[in-house]
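Right, one structure below, let's go through it.
In the working numbering, the protein residues as written are 82 to 195.
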(Lines of atoms letter the chains of each structure in order from A and count residues from 1; the text may use other names and numbers.)
(Lines give C-alpha, C1' and ligand atoms only; values in the text may rest on other atoms or scores of the structure.)
Protein backbone atom coordinates (compact mmCIF):
# COMPACT_ATOMS: atom_id res chain seq x y z
CA UNK A 1 0.00 0.00 0.00
CA UNK A 2 1.38 3.41 -0.94
CA UNK A 3 1.24 6.19 1.63
CA UNK A 4 -1.75 8.41 1.05
CA UNK A 5 -3.52 5.82 -1.09
CA UNK A 6 -5.74 3.20 0.43
CA UNK A 7 -7.06 0.06 -1.10
CA UNK A 8 -9.47 -2.48 0.24
CA UNK A 9 -8.22 -6.05 0.44
CA UNK A 10 -10.10 -9.22 1.20
CA UNK A 11 -8.35 -12.35 2.40
CA UNK A 12 -10.14 -15.64 2.04
CA UNK A 13 -9.29 -18.28 4.62
CA UNK A 14 -8.84 -21.55 2.78
CA UNK A 15 -8.43 -23.72 5.85
CA UNK A 16 -9.35 -23.36 9.47
CA UNK A 17 -6.36 -22.58 11.68
CA UNK A 18 -5.74 -25.35 14.19
CA UNK A 19 -6.37 -24.26 17.75
CA UNK A 20 -9.05 -21.69 17.02
CA UNK A 21 -12.23 -21.82 19.11
CA UNK A 22 -14.22 -23.01 16.10
CA UNK A 23 -11.70 -25.66 15.00
CA UNK A 24 -13.60 -28.55 16.62
CA UNK A 25 -16.92 -27.49 15.15
CA UNK A 26 -15.42 -26.96 11.69
CA UNK A 27 -13.71 -30.38 11.82
CA UNK A 28 -16.94 -32.10 12.92
CA UNK A 29 -18.91 -30.42 10.11
CA UNK A 30 -16.28 -31.45 7.57
CA UNK A 31 -16.20 -35.02 8.87
CA UNK A 32 -20.01 -35.26 8.94
CA UNK A 33 -20.27 -34.03 5.34
CA UNK A 34 -17.69 -36.56 4.14
CA UNK A 35 -19.24 -39.46 6.08
CA UNK A 36 -22.74 -38.55 4.88
CA UNK A 37 -21.44 -38.63 1.30
CA UNK A 38 -20.76 -42.37 1.73
CA UNK A 39 -24.05 -43.14 3.46
CA UNK A 40 -23.37 -42.57 7.16
CA UNK A 41 -25.87 -40.78 9.39
CA UNK A 42 -24.82 -38.57 12.28
CA UNK A 43 -26.47 -39.38 15.60
CA UNK A 44 -29.02 -36.84 16.85
CA UNK A 45 -28.04 -37.64 20.44
CA UNK A 46 -24.24 -37.48 20.17
CA UNK A 47 -22.73 -35.71 17.16
CA UNK A 48 -19.50 -37.69 17.56
CA UNK A 49 -21.29 -40.93 16.64
CA UNK A 50 -22.11 -41.97 13.07
CA UNK A 51 -23.77 -45.11 11.79
CA UNK A 52 -24.55 -46.93 8.56
CA UNK A 53 -26.39 -50.24 8.51
CA UNK A 54 -24.64 -52.24 11.24
CA UNK A 55 -21.44 -50.15 11.34
CA UNK A 56 -20.92 -47.60 14.11
CA UNK A 57 -18.17 -44.96 14.07
CA UNK A 58 -17.14 -43.05 17.21
CA UNK A 59 -14.86 -40.03 16.87
CA UNK A 60 -12.99 -38.07 19.54
CA UNK A 61 -11.12 -35.07 18.13
CA UNK A 62 -9.00 -36.74 15.43
CA UNK A 63 -9.19 -40.34 16.63
CA UNK A 64 -11.94 -42.68 15.60
CA UNK A 65 -13.02 -46.24 16.11
CA UNK A 66 -15.24 -48.37 13.89
CA UNK A 67 -17.43 -51.19 15.14
CA UNK A 68 -18.88 -53.67 12.68
CA UNK A 69 -19.91 -57.26 12.25
CA UNK A 70 -17.06 -58.36 9.97
CA UNK A 71 -13.50 -57.44 9.05
CA UNK A 72 -14.43 -57.36 5.35
CA UNK A 73 -17.16 -54.83 6.07
CA UNK A 74 -14.78 -52.60 8.02
CA UNK A 75 -12.06 -52.91 5.36
CA UNK A 76 -14.59 -51.75 2.77
CA UNK A 77 -15.44 -48.66 4.85
CA UNK A 78 -11.73 -47.86 5.29
CA UNK A 79 -11.28 -48.05 1.52
CA UNK A 80 -14.27 -45.77 0.97
CA UNK A 81 -12.78 -43.22 3.37
CA UNK A 82 -9.39 -43.29 1.68
CA UNK A 83 -11.14 -42.90 -1.69
CA UNK A 84 -12.72 -39.64 -0.50
CA UNK A 85 -9.43 -38.23 0.74
CA UNK A 86 -8.89 -39.36 4.32
CA UNK A 87 -5.51 -40.66 5.43
CA UNK A 88 -6.24 -43.53 7.78
CA UNK A 89 -4.03 -45.73 9.94
CA UNK A 90 -5.54 -49.07 10.88
CA UNK A 91 -4.13 -49.76 14.33
CA UNK A 92 -5.96 -53.03 14.80
CA UNK A 93 -8.05 -53.97 17.79
CA UNK A 94 -7.84 -51.23 20.42
CA UNK A 95 -6.95 -52.10 24.00
CA UNK A 96 -7.61 -48.55 25.14
CA UNK A 97 -9.54 -45.71 23.51
CA UNK A 98 -9.89 -42.23 25.00
CA UNK A 99 -9.39 -43.56 28.54
CA UNK A 100 -11.76 -46.50 28.09
CA UNK A 101 -10.26 -49.98 28.41
CA UNK A 102 -11.62 -52.39 25.82
CA UNK A 103 -11.30 -56.12 26.37
CA UNK A 104 -12.49 -58.80 23.96
CA UNK A 105 -14.31 -61.59 25.79
CA UNK A 106 -15.30 -65.07 24.63
CA UNK A 107 -18.41 -65.36 22.45
CA UNK A 108 -17.55 -62.13 20.57
CA UNK A 109 -18.48 -59.93 23.53
CA UNK A 110 -16.59 -56.83 24.67
CA UNK A 111 -16.08 -55.32 28.10
CA UNK A 112 -15.66 -51.54 28.38
CA UNK A 113 -14.28 -50.11 31.64
CA UNK A 114 -12.43 -47.12 33.04
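Cβ atoms here follow ideal geometry from the backbone N, Cα and C, with glycine treated the same way. Since we're looking at a predicted model, the values are computed, not measured.
Between which two residues does the alpha helix (DSSP H) carrying residue i extend?
| i | result |
| --- | --- |
| residue 159 | 152–164 |
When the distance is taken between beta carbons, is residue j closer than 8 Å to residue i?
| i | j | result |
| --- | --- | --- |
| residue 107 | residue 144 | no |
| residue 67 | residue 147 | Outside the shown range of the chain (82 to 195) lies residue 67, about which nothing can therefore be said. |
| residue 183 | residue 171 | no |
| residue 185 | residue 174 | yes |
Enumerate in chain order the residues of its own chain whose CB-to-CB distance from residue i is below 8 Å, with the five nearest sequence positions on each side excluded.
| i | result |
| --- | --- |
| residue 128 | 109 and 113 |
| residue 132 | 121, 122, 124 and 138 |
| residue 163 | 169 |
Which residue marks the beginning of the beta strand (DSSP E) containing residue i, and which one marks its end?
| i | result |
| --- | --- |
| residue 168 | From DSSP, residue 168 is part of no beta strand (DSSP E); its letter is neither H nor E. |
Every unbroken beta strand (DSSP E) inside the region 90–150 [3 residues or more]: Within the region 90–150, the complete beta strand (DSSP E) runs of at least 3 residues are 130–133, 136–141 and 144–148.
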